[in-house]
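Undergrad: My questions all concern the structure below.
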Amino acid sequence: MTGWEAISLTELPLGLRGRIFRSPMPFGDFDPQGSALNAFKKQEVSVVVVLVGDEECARKARRDLRALYAQEGFNVIHVPILDFAAPAKVCLDSALTATIEHAQAGRHVAIHCHAGIGRTGMFAACLAKRVLGLSGRQAIEWVRRLIPGAVETTEQEEFVLSD
0 MTGWEAISLT ELPLGLRGRI FRSPMPFGDF DPQGSALNAF KKQEVSVVVV
50 LVGDEECARK ARRDLRALYA QEGFNVIHVP ILDFAAPAKV CLDSALTATI
100 EHAQAGRHVA IHCHAGIGRT GMFAACLAKR VLGLSGRQAI EWVRRLIPGA
150 VETTEQEEFV LSD
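For the sequence shown, counting from 1, position 4 maps to 3 in numbering that gives the first Met the number 0; every step adds exactly one.
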């Protein structure tokens, strides 16, 4: 047991009609039994933001997660970001906007990368900047209180701090 296996969902308190959660990748190294997928269903999540590429999903979860999500009836927002990296700003902007719009409409959203810490923490911090009006530094501190170790790399920090 890695210590992360007991963790499935963490709610990000953004004050929107729909709830937003972060999780590790279902069936990946940090959730090998796929308990996060069951938690998505239990929490009535209808939108999943996937921050990993299809090849990484296939390798780490040993399945096509986007196809599984579609089969289960989830809407998928796909923004492939390399592990420990940050995307081009334009790539994340539309995903952030779509996530906020879904949550404002009352739909529950789950966000994951592999462990649910680096890329997911970066995405969550960017959400906090937009929704809560926090500065980049405040958003990183906010997300790290909820997800210890979030926004793992200097590149990810710089992405959140930039405007």
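Ideal Cβ positions, reconstructed from N, Cα and C, are used throughout, including at glycine.
#1: Start and end of the beta strand (DSSP E) containing H111?
#2: Would you mind stating whether M121 and A94 have Cβ atoms separated by less than 8 Å?
#3: How is the alpha helix (DSSP H) around T152 delimited, first residue to last?
#4: Taking contact to mean at least 3 C-beta pairs separated by less than 8 Å, is the region 125-133 in contact with the region 72-85?
#5: Buried or exposed, going by whether 16 or more other CB atoms sit within 10 Å of the CB of V89?
#6: Tell me where the alpha helix (DSSP H) around L145 begins and ends.
TA: Checking against the coordinates, here is how it stands:
#1: It spans 107-111 - the beta strand (DSSP E) in which H111 sits, taken as one unbroken run.
#2: For M121 and A94, no; Cβs fall outside 8 Å.
#3: Unbroken run through T152: none, as it is neither H nor E.
#4: No: fewer than three Cβ pairs fall under 8 Å.
#5: Exposed is the call here.
#6: Looking at the DSSP string, the run of the alpha helix (DSSP H) that includes L145 is 135-145.
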